[in-house]
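Take 1 as the starting number for the sequence shown in the UniProt record's numbering and just add one per residue.
Built from N, CA and C at the ideal position, the CB exists for glycine as well.
Fair warning: this is a prediction, and the values are worked out from it, not measured in the lab.
A short write-up of the structure that comes next.
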Amino acid sequence: MGLNDSSPFRIGIDIGGTHISAAKVGTVDRRFLIQDLYQQEVDTGLNAESIISSWTQAISKVSEGRRDVQFGISMPGPFDYDHGVSRIQVQGKMKALYGLSVKDLLAEQLQVSTGQIKFINDAEAFLTGESLAGSGMGLDHLIGITLGTGLGSAIKVLDVTKDAKLWTAPFRNGIAEDYLGTRWFVNKAFAGYGVQIAGVKDLLDSSFDPGIAQHLFEEFGRTLGEFLIPYLVRLQIQKVILGGKISQSAPRFVPATLEYLREFGVQVPIEVSHLGENAALIGAISPFLNH
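Rendered as structure tokens:
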């Protein structure tokens with residue numbers, strides 16, 4: 001799967017609960033190239049018309065009115081990726097789009113055919129991008145984990161990369177996302193130390209107690225190891241690739257994860273994405289690379 005220098009004009013788009021990023025994605029000498037990146041905050045708590053209008057505005061900044069464009073869109077679930085229909089109902093953000101064909105609405109606003117728009121799960125896009133152009137190049141067995149407000153996950157086995165939906169996996173007294181996201185840090189800081197924080201960023205502030213911060217990061221790291229280990233062993237994973245905002249603090253917690261894995265005789269490298277958001281933009285256009 002790959003592009004060449006005569007590839008069609010493609011735009012990779014990464015849509016989240018509060019933002020949209022779009023860029024031209026092409027290749028030079030078989031290497032992916034990101035150009036004209038445009039990012040915009042979007043209030044997805046508004047009505048459907050407002051959301052689609054904001055997204056169209058951002059995408060149009062990059063497409064510049066051209067019609068001969070393929071639009072690859074990375075989108076969080078639940079979502080019918082084949083038909084472009086939103087299934088997001090309870091998360092609050094994008095709720096107004098539930099049951100609507102986002103593909104049809106965008107095609108109408110961009111004045112292109114629906115065949116020029118393809119969707120991919122956001123975690124799947126992240127790992128696909130890393131596999132094509134980042135830390136996962138040349139490897140057949142990968143896990144991608146995005147750590148932030150929620151827990152995103154994708155697994156690559158040979159030529160197939162899929163959203164793993166591990167956030168709902170039973171874990172300890174709940175599900176994985178209860179223990180591997182911003183909410184865990186907020187709850188643990190208050191329950192364990194009586195400290196109120198808004199997120200991981202607060203732990204890095206110079207005024208925050210470094211001892212408490214380190215305890216929280218180390219516990220989080222070991223929890224991540226406990227969660228990962230069955231998948232690493234069963235799927236013979238060669239590397240774990242981390243993304244998401246919490247991964248920016250990886251030096252504070254990944255050593256504890258690796259130590260936990262070593263205690264069970266598992267040695268799998270864990271690497272933070274070097275591509276950052278570009279991974280999702282590259283992965284977003286991947287549905288067009290098979291055709």
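Below 9 Å between beta carbons: does that hold for residue i and residue j?
i: Leu235; j: Val157; result: yes
i: Gly152; j: Gly243; result: yes
i: Ile285; j: Arg10; result: yes
i: Asp276; j: Val254; result: Rather than Asp, the amino acid found at residue 276 in this sequence is Gly. No, they are not a contact pair.
i: Ile145; j: Leu281; result: no
i: Ile73; j: Ile117; result: yes
i: Pro8; j: Val85; result: no
What's the gap between the Cα of residue i and the Cα of residue j?
i: Gln57; j: Ser63; result: 10 Å
i: Gln267; j: Leu258; result: 7 Å
i: Ala169; j: Arg67; result: 42 Å
i: Lys239; j: Ile155; result: 11 Å
i: Gln109; j: Ala48; result: 13 Å
i: Ile13; j: Thr44; result: 16 Å
i: Arg262; j: Ile241; result: 18 Å
i: Ile143; j: Tyr231; result: 9 Å
i: Thr209; j: Asp202; result: In the sequence under discussion, the amino acid at residue 209 is Asp, which differs from the Thr named in the question. Near 10 Å, if we compare the C-alpha coordinates of Asp202 and Asp209.
i: Glu41; j: His19; result: 4 Å
i: Tyr260; j: Ser247; result: 18 Å
i: Ile237; j: Ala213; result: 30 Å
i: Thr182; j: Asn173; result: 17 Å
Indicate the three-state DSSP secondary structure (helix, strand or coil) for residue i in the structure shown.
i: Ser273; result: coil
i: Ala198; result: coil
i: Gly152; result: strand
i: Thr146; result: strand
i: Gln214; result: helix
i: Ala23; result: strand
i: Leu242; result: strand
i: Met1; result: Residue placement at Met1 cannot be trusted, given a pLDDT of 38 that sits under 50; the coordinates are not used to answer.
i: Val254; result: helix
i: Asp80; result: strand
Can you tell me where the beta strand (DSSP E) with residue i in it begins and where it stops?
i: residue 357; result: Lying outside 1 to 291, the shown extent of the chain, residue 357 is not represented and no answer is given.
i: Ser74; result: Val69 to Met75
i: Asp163; result: Val160 to Asp163
Note the first and the last residue of the continuous alpha helix (DSSP H) segment covering residue i.
i: Ala107; result: Val102 to Leu110
i: Ser54; result: Ala48 to Ser63
i: Phe185; result: Thr182 to Tyr193
i: Phe126; result: Asp122 to Ala133
- Item | Cβ pair count under 8 Å reaching 3, the region 91-102 against the region 121-133 | These segments do not touch.
- Do the region 181-198 and the region 159-166 make contact, defined as three or more Cβ pairs closer than 8 Å? No, the region 181-198 does not touch the region 159-166.
- Query: Would you call the region 70-87 and the region 28-47 touching, i.e. three or more CB-CB distances under 8 Å?
  - Reply: No: fewer than three Cβ pairs fall under 8 Å.
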